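Mapping to the numbering used here: the sequence shown position 63 is 63, numbers consecutive. Quick notes on the structure that follows.
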Amino acid sequence: MKFTIAIDGPAAAGKGTISKAVAAHFTFAHLDTGLLYRATGRKVMAGMEPLQAARALQPEDLEREDLRSAEVAEAASKVAVIPEVRAALVAFQHAFARRDGGAVLDGRDIGTVICPDAEVKLFVTASAEVRARRRFLELTASGDATRFETVLADVMARDKRDAERDTAPMKAADDAVLIDTSELSIEAAVAKAIEVIGARLA
Ligand code: CDP
């Protein structure tokens, strides 16, 4: 069975948590496409050219433990503006999306550009303050000494870059179901996503 679930939204909206939970619930495979851009950005930080870095990506590059930092997020959103970098990452995402057994992909352009024919599209969002608070807690829990104001400014700058770029800007597909997690617990957000997907699967 081929069944693609596209989950898009701005930084730290809860896409990752919802995607993992949904994939586990329906026993679908999950691809966090942000990792492709983070791993590319990480290689650029180490001195590689962006396009060369995207083309050289190997599965083990996505396993690195240092991809979640604010610096790598920033580098990711800078390489993500380059059309040739995005193009270099398309084939892998297409193949993943149409694998047998169902697939969940989360990112910024999955429902609009990568999988416009996805069976289910969700756009997960929340206020910038709520998202920055979540990211701040994640970063401090992993030992990153940072300030809330810095995280908020980073998240807002990255959202602006992602939404305003010419190629594959972050936006909700016309047929996406919007889930605003500003005032939802993670359990409630996951339940909502499962309800929408379950209805399409039925
Ligand atoms: O975890 P968070 O939501 O903060 O970010 P991410 O999903 O890991 O994505 C990091 C960056 O990669 C984003 O800010 C985008 O610039 C870029 N990205 C993209 O352009 N397209 C995607 N499908 C996924 C990520």
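Using N, Cα and C, we set each Cβ at its ideal position, and we do this for glycine too. The model shown is predicted, which means the values in this text are computed figures rather than measured ones.
For this session: Could you say which of LEU178, GLY47 and ALA53 lies nearest to ILE82 if we only look at CA atoms?
Result: ALA53
Exercise. At a cut of 8 Å, does the stretch 139 to 152 reach the stretch 68 to 76 through at least three beta carbon pairs?
Worked result: yes
Exercise. So what does PHE123 bridge to, in DSSP terms?
Worked result: ASP8 and LEU178
Exercise. Would a C-beta distance cut-off of 8 Å place GLY102 and ASP8 closer than the cut-off?
Worked result: no
Exercise. For the ligand CDP, any of its heavy atoms closer than 7 Å to the Cβ of THR33?
Worked result: Within 7 Å of the C-beta of THR33 there is at least one heavy atom belonging to the ligand CDP.
Problem set entry | Residues sharing a beta bridge with LEU105, DSSP | ALA6 and LEU31
Exercise. Just reading off the alpha helix (DSSP H) that MET156 is part of, what are its end residues?
Worked result: 148 to 164 is the span of the alpha helix (DSSP H), which, as asked, contains MET156.
Problem set entry | Any non-hydrogen atom of the ligand CDP closer than 7 Å to PHE42 Cβ | Checking the displayed sequence, the identity of residue 42 turns out to be Arg instead of Phe. Not under cutoff, so the answer is no.
Exercise. Thinking C-alpha only, which one of SER19, LYS121 and GLU65 is nearest ARG200?
Worked result: For ARG200, the nearest C-alpha among the options comes from LYS121.
Problem set entry | Cβ-Cβ separation, THR33 to GLU119 (assumed contact under 8 Å), whole Å | About 17 Å separates the two Cβ atoms, so there is no contact after all.
Exercise. How would you label THR150, buried or exposed, when you count the other beta carbons within 10 angstroms and need 16 or more for buried?
Worked result: exposed
For this session: Please go through the same chain and pick out, in chain order, the residues whose beta-carbon is closer than 8 Å to the beta-carbon of LEU35, but skip the five residues on each side of it.
Result: LEU62 and LEU67
For this session: Would you give the residue range spanned by the alpha helix (DSSP H) that LEU201 belongs to?
Result: 186 to 201
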